[in-house]
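Peer 1: Read in order, the letters of the sequence shown correspond to residues 40 to 99 in this note's numbering. Take a look at this one; I'll ask things after.
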Amino acid sequence: MLFLMGLNEGYSHIRGQILLMDPIPPIEKVFPLVLQEEKQQELGIPTNSNDTPTAFAYKS
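Here it is as structure tokens:
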């Protein structure tokens with residue numbers, strides 16, 4: 040958990056996702072998730088951190 044809390048704000052989205060997992064996974068599983076997030080940031084791939092909840096209605 041200290042590892043997650045030490046991440047800067049650029050990783051707040053992945054940190055939040057990991058902290059919602061029950062139980063919180065071990066560092067061996069957390070570290071690759073953070074690395075993946077870092078790679079996406081380097082490539083400019085947006086994360087879902089600014090998404091607002093969306094609902095769709097379908098009427099047939």
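We treat Cβ as the ideally placed atom computed from N, Cα and C, and that holds for glycine.
Have a look at Glu-77 and Glu-67 and give me their C-alpha separation to the nearest angstrom.
Peer 2: Glu-77 and Glu-67: Cα-Cα distance of roughly 16 Å.
Peer 1: Which value, in whole angstroms, describes the spacing of the CA atoms of Ile-53 and Lys-98?
Peer 2: Whole-angstrom Cα-Cα distance: 35 Å.
Peer 1: I'd like the span of the alpha helix (DSSP H) that includes Glu-84, first residue to last.
Peer 2: It is worth fixing the name first, because residue 84 is Ile in this sequence and not Glu. Premise fails: Ile-84 is in no alpha helix (DSSP H) and is neither H nor E.
Peer 1: Do Gly-49 and Gln-79 have their C-beta atoms within less than 8 Å of each other?
Peer 2: Their beta carbons are not under 8 Å apart, which means Gly-49 does not touch Gln-79 by this criterion.
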